[in-house]
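2 protein chains.
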Amino acid sequence: MAYIDSLAALGDPTRRAVFERLRRGPKPVAAIAQGMPVSRPAVSQHLKILKEAGLVGDRAEGTRRVYYIDPQGLAALRAWLDRFWDEALASFQVEAERNDNTQHKDSR
Amino acid sequence: MAYIDSLAALGDPTRRAVFERLRRGPKPVAAIAQGMPVSRPAVSQHLKILKEAGLVGDRAEGTRRVYYIDPQGLAALRAWLDRFWDEALASFQVEAERNDNTQHKDSR
DNA sequence: ACTTACCGTAAGTTTTGGCTTACGCTAAGT
DNA sequence: ACTTAGCGTAAGCCAAAACTTACGGTAAGT
Numbered sequence: 003m004a005y006i007d008s009l010a011a012l013g014d015p016t017r018r019a020v021f022e023r024l025r026r027g028p029k030p031v032a033a034i035a036q037g038m039p040v041s042r043p044a045v046s047q048h049l050k051i052l053k054e055a056g057l058v059g060d061r062a063e064g065t066r067r068v069y070y071i072d073p074q075g076l077a078a079l080r081a082w083l084d085r086f087w088d089e090a091l092a093s094f095q096v097e098a099e100r101n102d103n104t105q106h107k108d109s110r
Numbered sequence: 003m004a005y006i007d008s009l010a011a012l013g014d015p016t017r018r019a020v021f022e023r024l025r026r027g028p029k030p031v032a033a034i035a036q037g038m039p040v041s042r043p044a045v046s047q048h049l050k051i052l053k054e055a056g057l058v059g060d061r062a063e064g065t066r067r068v069y070y071i072d073p074q075g076l077a078a079l080r081a082w083l084d085r086f087w088d089e090a091l092a093s094f095q096v097e098a099e100r101n102d103n104t105q106h107k108d109s110r
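Below you can see the structure in the form of C-alpha cells.
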C-alpha cells in the first residue's frame, strides 16, 4: 500500500515544500535546502521519508546527491484517489436516490 | 488552498481510517468508532478536522450526527494532484531528452 | 418529568515526530 | 596527501498533536 506512505509523507508542510521544489526538475540536496526555513540535515531527513514513500528517487552525481520525483509514487496516489472518488461518488448517488424516494411530498 | 488541509488531514493514519469508513456511505459517529482502537471522542475530534478540511460533511438526525464524504474536498485534492502530475511528467520528459543528447556514443 | 442514548468539548497527559547540532564518510580539487 | 564540498545519520530537545477521562447538552423514549 504505497499510497498510505505517500499521504503520510505529504502530510507534513515542509516535506510537501521539499517535494514541490522538485516539480520543475531534479535538484541536489543543497539546492533544495536553499532558502528554506529549515537546516540542510532536516531536508535530508525529509527526502529519506519521501524516498521510502516512493515519491522521489535519487542518484549519485559526484559528491552530490540529485533527487527527482518518481512518477510511480504519484501514480499510486492517483490510483488510490481515483478509486476512492468512484466509490464515494457512487454511494453518494445511492443516497441521493434514497432521499428522493423517502421524501414524497415536497421538494425544498 | 483546500488541498493543503486535505493532505494534512489524511496524513494521520487513524483519521484516514475514519475517512475510509465513510466510503461506503454515511454513518453516525458511534458506528464509525465501532471496532476502532481509539475512543469515540477521539473519533469526534478527527471528524472535526476532516470537516474543516472540507473532506466530510455532517447532518443532524435525531440525537445522532451522520457524517458523509464531501465530494468537493476530494475534487480539490484530485485537481492538485492532476496539476502536479502534469508538471512533474513534463519536467521528467525534458530531462530524458537532455540525457539522450548528452550521451552520443552508446545506449545504456 | 425522568431516563437514556448520542455526541461535542475541555482539560490534562503522553507520545509522536520535526528540528538542530555534532560527527563521519566519500568524492573531487589542489 | 591534504583540504574542501556535499551528504547522511545519531543523539537529544522541544513543540505539536493524538488520546483519554470527565462533563454538559440535546433529542427521543417511557
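Residue numbers (the numbering used here), protein chains in the order written: chain Y, 3 to 110; chain W, 3 to 110. All C-beta atoms in this analysis are idealised placements derived from N, C-alpha and C, irrespective of residue type, glycine included.
Beta carbon of residue i nearer than 8 Å to that of residue j
i	j	result
Y:A55	Y:D14	no
W:P73	Y:A90	yes
W:L83	Y:L52	no
W:S93	Y:R61	no
Chain-ordered neighbours of residue i on chain Y, where CB pairs are closer than 7 Å
i	result
W:E89	R25
Cβ neighbours of residue i in the same chain (closer than 7 Å, five flanking residues each side left out)
i	result
W:Y70	L24, P28, V58 and G59
Y:F75	A small correction: the amino acid at residue 75 of chain Y is Gly; Phe does not occupy that position in the sequence shown. Closer than 7 Å at Cβ, skipping near neighbours: A4, S8, A55, G56 and L57.
W:H106	Confidence at W:H106 is low in this model, with a pLDDT of 40, below 50, so the placement of that residue should be treated as unreliable; the coordinate-derived value is given next. If we look at W:H106 and ignore the five residues flanking it on each side, it has no Cβ neighbours.
W:V40	T16
Residues that residue i contacts on chain W, provided the C-beta gap is smaller than 9 Å
i	result
Y:G13	L9, A10, A11, L12, G13 and D14
Neighbourhood of residue i by C-beta distance below 8 Å, restricted to the same chain and skipping five residues each side
i	result
Y:V31	R42, V45, S46, L49, R66, R67 and Y69
W:A19	M38
Y:E63	P30
Beta-carbon neighbours of residue i, restricted to chain W and to distances below 8 Å
i	result
Y:R18	I6 and L9
Y:V96	G27
Under 9 Å from the C-beta of residue i: neighbouring residues of chain Y
i	result
W:S122	A query on residue 122 of chain W cannot be resolved here, the shown segment of chain W reaching from 3 to 110 and no further.
Cβ shell of residue i (< 6 Å), same chain only, five flanking positions each side left out
i	result
Y:L12	R18
W:S109	Low confidence applies here, because W:S109 scores a pLDDT of 37, under 50, leaving its location unreliable and the question unanswered by this model.
Y:A35	R42 and V45
Entirely enclosed alpha helix (DSSP H) segments - the segment 10–48 of chain Y, minimum 4 residues: 15–22 and 31–35
Chain-ordered residues of the segment 67–84 of chain Y with a beta carbon less than 7 Å from chain W: I71, P73, L76, L79, R80 and L83
Completely contained beta strand (DSSP E) runs for the segment 46–103 of chain Y, where each covers 3 or more residues: 58–63 and 66–71
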